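Just below is one structure, and these are the notes that go with it.
Residue numbers (our numbering): 1267 to 1505.
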């Protein structure tokens, strides 16, 4: 059964998701050049969704490999480094726009390379994950395009790009630390973000990832502190 799962048609599903991620990123770039940035931004959201499940599905099927990780990073390079850089240059323009766009792309490329050479602990990330840096940056670029705020896009790009190559630790979406937030608080946040998404989708995306970069490390610290207290309690227990 395991061998069939490894070699059957189903085993190709993770790579198809990875290919879809890269294809959506490339399509977003084309849409920006054709003058349709908002649909392009939606494609990047879909690309991030595929990226969230390709590695998870590969591990579940037992087909995860270094080659798959390299393919995933190449797709991410298109969707979360190159595409946002194109958005940034379109919004900012001129020499400064080129500088900001190239810097952001290099930040994300460096983040992806570090992930390949030095994988983080299971369930967490060192530095803001590339989709979590690219999507709020793209959202900021779209807001800047609508409002005429190119400096806002530049500041957001440098901020999220630097967080991507930082040494700050962030929990994965499935990490137990994320469950430390009370259910009622999570429900309020999700409802608020969904309402905002239908009214102002770019602002909702930016708010979502801003909340993640604030709450993620805080919840991870609380999680490790709770584990340490539990270990101390067990160590001090009388046998």
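For every residue, glycine included, the Cβ atom is placed at its ideal position computed from N, Cα and C.
Note that the coordinates shown come from a computational prediction; the quantities given were computed from them, not determined experimentally.
In this structure, the CA atom of residue 1329 is about 13 Å from the CA atom of residue 1338. Here the segment 1454-1461 makes no contact with the segment 1422-1435; the two share fewer than three CB pairs at distances below 8 Å. Annotated three-state conformation of residue 1437 is strand, per DSSP.
The three-state secondary structure of residue 1432, taken from DSSP, is coil. For residue 1339, the enclosing alpha helix (DSSP H) begins and ends at 1332-1342.
When 1277, 1303, 1299 are compared, the shortest CA-CA separation from residue 1412 is found for 1303.
Excluding residues up to 5 positions away in sequence, 1392 lie with their Cβ nearer than 7 Å to the Cβ of residue 1386 in the same chain. Between residue 1396 and residue 1431 the beta-carbon gap is near 10 Å, outside 8 Å, which marks them as no contact.
For residue 1398, the enclosing alpha helix (DSSP H) covers residues 1396-1413. By the C-beta criterion, the segment 1308-1327 is judged not to be in contact with the segment 1360-1376, since fewer than 3 inter-stretch pairs fall below 8 Å. Counting along the chain, residue 1293 sits inside no beta strand (DSSP E); it lies in the alpha helix (DSSP H) bounded by residues 1279-1299.
If you look at residue 1325, you'll find it in the alpha helix (DSSP H) that goes 1303-1327. A residue is called buried when at least 16 other Cβ atoms come within 10 angstroms of its Cβ; residue 1383 does not meet this threshold and is exposed. Counting along the chain, the unbroken beta strand (DSSP E) around residue 1390 starts and ends at 1390-1392. Our two residues, residue 1295 and residue 1451, have alpha carbons roughly 36 Å apart in a direct line. In the DSSP annotation of this structure, residue 1346 is not part of any alpha helix (DSSP H), being labelled neither H nor E. A distance below 8 Å between beta-carbons, with the five flanking residues on each side excluded, links residue 1348 to the following residues of its chain, in chain order: 1291, 1295, 1371.
Counting only residues of its own chain and dropping the five nearest sequence neighbours on each side, residue 1341 has a CB closer than 6 Å to the CB of 1284, 1287, 1288.
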